Amino acid sequence: FVSLGDRYGHLVIDAEQHTERGLQAAGERARIHRVSTVLNLEGLDAENQMRRAAAFLGGLFEVARDHWYPMLVVVDEAQLFAPAVAGEVSDEARKLSLGA
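Letter 47 of the sequence shown, counting from 1, is numbered 157 in our numbering, and no numbers are missing.
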């Protein structure tokens, strides 16, 4: 999906290069500024994929509803952790993702 972002001019965020707090802030800004975004989780283990995806998505949803406009959000590499959640990530990471 990174190539999708490149091809259509969507913002591509490499989650491996950012902290959870940084990703939360990026999610907030993406929502406020209506930026379609590809969140690339490549290079992270399942635990960190879950944590960083939850941080970014949490940022999207924490913004005031006045800023909720249609936008495209693609979580690249999500298939690597989504079906394998049972037992591969901590309970804390799982709870964070459910809150996103």
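Note that the Cβ used here is the ideal one computed from N, Cα and C, for glycine as well. No experiment lies behind these values; they were computed from the predicted model shown.
Outcome for residue i when other beta-carbon atoms lying within 10 angstroms are tallied against a minimum of 16
i                 : result
arginine 162      : buried
leucine 62        : Residue 62 is absent from the structure shown; the chain starts at 111 and stops at 210.
phenylalanine 171 : exposed
Cβ shell of residue i (< 8 Å), same chain only, five flanking positions each side left out
i             : result
arginine 85   : Residue 85 lies beyond the stretch modelled for the chain, which goes from 111 to 210, so this question has no answer here.
leucine 114   : His120, Val148 and Val184
aspartate 116 : Val122
leucine 182   : His120, Ser146 and Thr147
Contact set for residue i: own chain, Cβ-Cβ below 7 Å, skip 5 residues either direction
i              : result
isoleucine 142 : Val173 and His177
valine 185     : Leu149, Leu151 and Ala163
glycine 153    : Glu126
aspartate 124  : Asn150
valine 215     : This structure does not reach residue 215, given that the chain is present from 111 up to 210, and the question cannot be answered.
Own chain partners of residue i with C-beta closer than 6 Å, once the 5 adjacent residues on each side are dropped
i            : result
glycine 169  : Gln134, Gly137 and Glu138
tyrosine 179 : Arg144
N- and C-terminal bounds of the beta strand (DSSP E) containing residue i
i           : result
leucine 121 : 121 to 124
valine 183  : 183 to 186
leucine 114 : Run containing leucine 114: none in the beta strand (DSSP E); it sits in the alpha helix (DSSP H), 112 to 118.
leucine 151 : Taken as a continuous stretch (DSSP letters only), leucine 151 belongs to no beta strand (DSSP E), as it is neither H nor E.
CB contact below 7 Å: residue i versus chain C
i          : result
valine 173 : Absent from the structure: chain C. Only one protein chain is present.
Where the alpha helix (DSSP H) containing residue i begins and where it ends
i             : result
leucine 70    : The first residue shown for the chain is 111 and the last is 210, placing residue 70 beyond what the model contains.
glutamine 134 : 130 to 142
Nearest-angstrom Cβ-Cβ length linking residue i and residue j, presumed shorter than 8 Å
i           : j             : result
alanine 140 : threonine 129 : So it is not a contact: roughly 16 Å between Cβ atoms.
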